[in-house]
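Below is one structure, written out as structure tokens, with a few remarks after it.
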Amino acid sequence: MKHAHIVGCGLAGTLLAWELKKLGVEVSVVDTANPESSSRVAAGMITPITGRRLKPSWRGHELTQIARTTYAEIQQEFGIILWSDWTLKRVFREEIMREWFHDRRDKHEYDPIVVTDIEPGVHDGVTYPFGGFEHGSVATVDIPTLLNTVGQSLAQQKDVGGTVHVPDITITCTGYQTLHDPLWSWLPIEPSKGEILDVRIPGLQLDHILTNGTWILPVGGDHYRIGATHDWDDHEPSPTEAGRIKLLADAQQLVGREIVVLGQRAAIRPSTKFKRPFVGRHPTNPTQAVFTGLGTKGALQGPWAAQQLARHLVYEEPLDPDIDIIKWWKS
């Protein structure tokens with residue numbers, strides 16, 4: 004394969020372009036450059052323990068190593084900073100969460116993550132009614148900088164009026180909008196709307212990520228981001244008063260301080276029921292392929308999935324069955 008054309012240059016399309024170019028493939032792209040796409044609104048968080056039930060991330064250690072290596076390569080190539088390491092402190096919202104945590108820890112499900120128990124009480128001005136825990140191995144990826152930088156490097160190949168040469172393969176990387184493409188509408192994408200707030204919290208000195216299901220992420224000085232909501236029914240990519248109220252209420256429970264809202268953003272994630280990406284060639288049209296479904300785990304799962312698809316397209320290596328779209332095809 005000599006020429007690949009990518010439709011959509013969000014996180015999925017950008018990572019795929021990077022992997023294909025590493026393999027010597029000519030890449031052209033076309034993108035709407037939507038400033039409120041899920042890739043540009045997302046916090047780019049990578050965390051090894053997720054959800055109310057505090058489960059270890061699927062293949063968390065393996066995928067984190069691949070992600071760290073991929074973003075480091077891009078940083079070195081373009082002279083930018085994408086990756087930031089963090090500690091995270093989680094506040095339990097109910098007693099059962101404390102029980103789940105102790106059970107998983109005692110069964111060594113969190114190995115090799117170092118987790119530290121936080122007893123119920125007030126710690127550094129934060130109330131832990133049922134306790135909580137602290138752990139490292141958390142990171143954020145500056146996805147807007149990634150998209151802007153790699154996008155600029157592809158600018159001379161951007162398609163503004165049709166490709167000059169017929170590509171060997173066209174890969175659709177259009178996020179949740181893939182649902183509206185007749186070629187791919189059979190994929191079980193389940194869009195979820197996420198909202199975040201950009202805020203000031205005067206006097207709060209936070210050097211870690213703090214979460215009770217809603218997270219507070221320091222971004223410099225007294226500026227923070229608060230997120231994120233999950234709405235499976237509302238597919239309008241615009242902020243809502245309900246989202247704002249929920250995020251502020253959850254954050255107030257954590258810090259008990261004045262929060263000044265500077266901005267609010269919303270986007271639709273290309274989520275999937277099983278929290279796995281969708282990648283592969285079309286079963287009946289091998290000149291078409293797809294890469295979507297990154298959902299809330301894009302910064303973590305994206306680099307690995309992009310490698311999988313790139314090597315599949317170039318070398319015909321088999322895809323991991325957990326993400327191969329063939330499992331969803333009904334002829």
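According to my numbering, the sequence shown holds residues 4 to 334 in order.
Just so it is clear, CB atoms sit at the ideal spot from N, CA and C, and this is done for glycine as well.
Predicted, not measured: the structure shown is a model, and the values here were computed from it.
Runs of beta strand (DSSP E) with 3 or more residues, each lying fully within the segment 227-305, are found at 263-272, 281-284 and 291-295, listed in chain order. Collapsing the DSSP output to three states places TRP307 in a helix.
Residues of the same chain with a CB within less than 8 Å of the CB of VAL44, apart from the 5 flanking positions on each side, are GLY197, ILE199, ARG268, ALA269 and ALA270 in chain order.
In the structure shown, HIS138 falls within a strand segment according to DSSP collapsed to helix, strand and coil. By the criterion of a C-beta distance shorter than 6 Å, THR90 is surrounded in its chain by GLY139 and HIS211, once the five residues flanking it on both sides are discounted. No Cβ-Cβ contact shorter than 9 Å links ARG272 with THR243. Taking one beta carbon from each stretch, the segment 312-324 and the segment 51-69 have fewer than 3 pairs nearer than 8 Å; the two do not touch. Note that the segment 173-183 touches the segment 289-296; at least 3 beta-carbon pairs, one per stretch, sit closer than 8 Å. Assignment of GLY63 by DSSP, reduced to helix, strand and coil, places it in the helix class. Using a C-beta cut-off of 8 Å, the segment 138-158 makes contact with the segment 67-87, since at least three inter-stretch Cβ pairs fall below that distance. Around ASP171, the same chain offers MET4, LYS5, HIS6, ALA7 and THR290 as residues with beta carbons nearer than 8 Å, after the five sequence neighbours per side are excluded. In the DSSP assignment, ARG56 falls outside any beta strand (DSSP E) and carries neither an H nor an E.
Under the three-pair Cβ rule at 8 Å, the segment 94-110 counts as touching the segment 126-135. Counting only residues of its own chain and dropping the five nearest sequence neighbours on each side, GLU97 has a CB closer than 7 Å to the CB of PHE133. Beta bridge pairing from DSSP links ALA75 with no other residue.
It is roughly 6 Å from the alpha-carbon of PRO280 to the alpha-carbon of ILE326. Residue pairing of GLU198 in beta bridges, as defined by DSSP: ALA269. In summary, LYS330 is exposed, with fewer than 16 beta-carbon neighbours lying within 10 Å of its beta-carbon over all protein chains present. Scanning the segment 13-37 for uninterrupted alpha helix (DSSP H) segments of 4 residues or longer gives 14-25, listed from N- to C-terminal end.
Taking a cut-off of 8 Å on C-beta distances, the segment 34-43 does not touch the segment 202-220, as fewer than three cross pairs fall below it. Of the candidates GLY266, GLY216, PRO51 and GLY13, the residue whose Cα lies closest to the Cα of THR148 is GLY13. Under the three-pair Cβ rule at 8 Å, the segment 113-129 does not count as touching the segment 237-253. In the three-state DSSP reduction, TYR131 falls in the strand class (E or B). In the DSSP assignment, THR152 falls within the alpha helix (DSSP H) that extends over 146-156. Counting other Cβ atoms within 10 Å of its Cβ, ASN288 stays below 16 and is therefore classed as exposed. Short of 7 Å from the beta carbon of ALA313, and not among the five residues preceding or following it, lie these beta carbons of its own chain, in chain order: LEU19, GLU22, LEU23 and LEU26. Residue pairing for LYS5: DSSP places it in no beta bridge. Put simply, of VAL153, GLY154 and VAL94 the residue whose alpha carbon is nearest the alpha carbon of HIS126 is VAL94. THR275 and ILE192 do touch by the CB rule: their CB atoms are close to 6 Å apart, below 8 Å. Only residues of its own chain outside the window of five on either side were considered, and among them PHE81 have a CB closer than 8 Å to the CB of SER156, listed in chain order. Closest in alpha carbon position to PRO185, among HIS285, THR73 and PRO306, is HIS285. Around the beta-carbon of ALA36, fewer than 16 other beta-carbon atoms lie within 10 Å, marking it exposed. Assignment of LYS333 by DSSP, reduced to helix, strand and coil, places it in the coil class.
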